[in-house]
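First up is the structure itself, then whatever we jot down about it.
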Amino acid sequence: MVAPKSLTLVGEGGKGARIHDLVKAPANTPWAKAKQQSWDGNEPATVYYTPETLSDGTPCTAITVILRTKGCHWWWSSGCTFCGYFNDTRDDVTSDNLHAQWNKAKADFDDFKDHQMVKVYTSGSLLEDREIPVDFQETVLRDCNEMGKELIVESRCEQLTEKKLAWATSINDNFSVAIGLEAYDDEVLRFHVNKGFTTKSWDRAVANLQKFNLRIKTYLMFKPPFMSENDALEHGVKWISAVAEKSDEISVNPMNIQRGTVIDRLHRNNEYRPPWLWSLVEMIRRAHPLIHPKGGVNGDADQISRLIIHPTAGGKIRGAHNCGSCDSQVITAIENYAVSGDLTEFDGLECECQAVWREELALESDLPVPLGISKPRRGNLLNRLRSF
Ligand code: SF4
Ligand SMILES: [Zn+2]
């Protein structure tokens, strides 16, 4: 039997594969094409609501509208190593489609009347004219302004120019921009994430957002590809420290594996383990004094930013997980911390698997192997065999 093609950095002496080619290949496979054709361009991908906090700290509920779009312009030319959005985008989506999706979301949820916050996600950047027709950008900004909702949109850095923000704020001056920075480290952005922008472009975007008094939400990625657990933990704390002063909110996303991505291939080859939930707890413990220098909790005067961790697919093999028996307890504590900002949420959490996790961190700090040396993933034998 021929061994599966590995993505290890060691290689076999031949010319290395370009990360660009590895990222792009799956988008053209028959299953990806079939998935793209399977949905109706007049229906949003999904609409749901969750508990949230308004910018002044008031608890509220937020409606999240995920739209079907043409996708992200960076994806068209290259793409990030963990991004599976190509599964849900198609290049024939028009302004009429987007308006139909938006109207459907409003109709299905009573013009969002029970929700004070609206998040509009487009698998790319709402304010990017090549991805989203300008008349639709205007509809979202204007509607949310007229309905009196706090709006959150996502964007890469290069769209956030003074000119664009002057235009957007002339329609709606009460919105937050969430930027997927992933890492405050140019080496990681380039070689681990293939992000296509640098920390400098984030600095510039943030300066522009501040000029227009817009709120800034920063997404960081916990444990990007080609990184060990121990490095992820140390980097995670450093990046939170680097962005805290300039971010109203920091959302740390523990890696979850999306189908057809580079990280998916590493995972299938047993070369990547999604983060331990214990690492997230440890990162929060170390980062808390950076967010609350006087030891306070959310809402206290010492708060510099708000730190949120929501482990997508938490407890599953493709998301952040522990041993299986303590996962749900640890996830609940992490999610409670995002609301309270109180370290006592973690009091009393213990499990035998902590010893394994600690051992892995110790080994990885002594032997800095880029892919990490954690034991193969847990799970049943069938799943393990299928991952080879
Ligand atoms: S910038 Fe965002 S949407 Fe675009 S490829 Fe990267 S993760 Fe995907
Ligand atoms: Zn456990």
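Numbering (our numbering), first residue to last: 880 to 1267.
Beta carbons: idealized from backbone N, C-alpha and C, even for Gly.
Whole angstroms are fine: how far does the CA of Gln1016 sit from the CA of Asn921? 17 Å
Secondary structure at Tyr1151, three-state DSSP: helix, strand or coil? coil
Per DSSP, cross-strand counterpart(s) of Tyr927: Thr943
C-alpha distance - Lys1096 paired with Ile1163, whole-angstrom precision: 17 Å
Please indicate yes or no: does the CB of Asn1201 lie closer than 7 Å to some heavy atom of ligand 2? yes
Go ahead and pull the three-state DSSP assignment for Glu1033. strand
Using a Cβ-Cβ cut-off of 6 Å (strictly less than) and excluding sequence neighbours within five positions of His1167, which residues of its own chain qualify? Leu1222
Nearest-angstrom Cα distance between Val1160 and Ala1062? 19 Å
Could you have a look at Asn1087 and say whether DSSP puts it in helix, strand or coil? helix
Drop a sphere of 10 angstroms on the beta-carbon of Ala941, count the other beta-carbons inside from all chains shown, and report buried for 16 or more, exposed for fewer. buried
Give the DSSP bridge partners of Lys1011, in chain order. Here residue 1011 turns out to be Ile, not Lys, going by the sequence shown. Ile1011 pairs with nothing; no bridge assigned.
Under 8 Å between C-beta atoms of Leu977 and Leu946: yes
Assign Arg1021 to one of three DSSP states: helix, strand, or coil. helix
May I have the straight-line CA-CA distance separating Val1013 from Gly1203, to the nearest angstrom? 47 Å
For a test of your reading of the model: does the CB of Pro1158 fall under 7 Å from any non-hydrogen atom of ligand 2? Yes or no. First, the residue type needs correcting, since residue 1158 is Ser and not Pro in the sequence shown. Not under cutoff, so the answer is no.
Considering just the uninterrupted stretch of the beta strand (DSSP E) at Asn1109, what are its terminal residues? Asn1109 -> not in any beta strand (DSSP E); alpha helix (DSSP H) instead, spanning Glu1108 to Val1122.
Return yes when the C-beta of Trp953 is under 7 Å from any heavy atom of ligand 1, and no when it is not. yes
Straight-line Cα distance separating Glu1113 from Phe988: 42 Å
Among the residues of its own chain, which have a CB less than 6 Å from the CB of Asn1262, if the five just before and after it don't count? For Asn1262, the predicted model reports a pLDDT of 47, less than 50, meaning its position is unreliable and no value from the coordinates is stated.
According to DSSP, which residues form a beta bridge with Ile1058? Ser1034 and Thr1097
Mind checking Arg1144: buried by the 16 CB within 10 Å criterion, or exposed? buried
Exposed or buried, what is Tyr927 when buried is set at 16 or more other beta-carbons lying within 10 Å of its beta-carbon? exposed
Specify, as a first and last residue, the run of the alpha helix (DSSP H) that Leu977 falls within. Ser974 to Asp987
Grab me the residues of Gly1115's own chain with a C-beta within less than 6 Å of its C-beta, minus the 5 sequence neighbours each way, in chain order. Phe1101 and Met1162
Should Pro1133 and Pro1154 be called a contact, given that it needs their Cβ atoms to be closer than 8 Å? yes
If you count every other CB in all the chains shown that lies within 10 Å of the CB of Asn1051, and 16 or more means buried, which is it? buried
My guess is that Arg1094 and Gly1251 are in contact by the Cβ rule of under 8 Å, so how many angstroms apart are they, rounded? In fact, because the Cβ distance is near 35 Å, the residues do not count as touching under 8 Å.
For Leu933 and Cys939, I'd like the C-alpha separation in whole angstroms. 6 Å
Would you kindly report the start and end of the unbroken beta strand (DSSP E) that includes Ile1196? No beta strand (DSSP E) contains Ile1196, which DSSP labels as neither H nor E.
For Asn1132, which of helix, strand or coil comes out of DSSP? strand
Helix, strand or coil for Thr1078? Go by DSSP, reduced to three states. helix
Quick check on Val1248: buried or exposed, where buried means 16 or more other Cβ atoms within 10 Å of its Cβ? exposed
Per DSSP, what kind of secondary structure is Leu1005 in: helix, strand or coil? coil
With DSSP collapsed to three states, give me the class of Tyr964. helix
Under 7 Å: does the beta carbon of Ser1207 sit that close to some heavy atom of ligand 2? no
Run through the DSSP bridge pairs and tell me what Ile1170 is partnered with. Ile1170 pairs with nothing; no bridge assigned.
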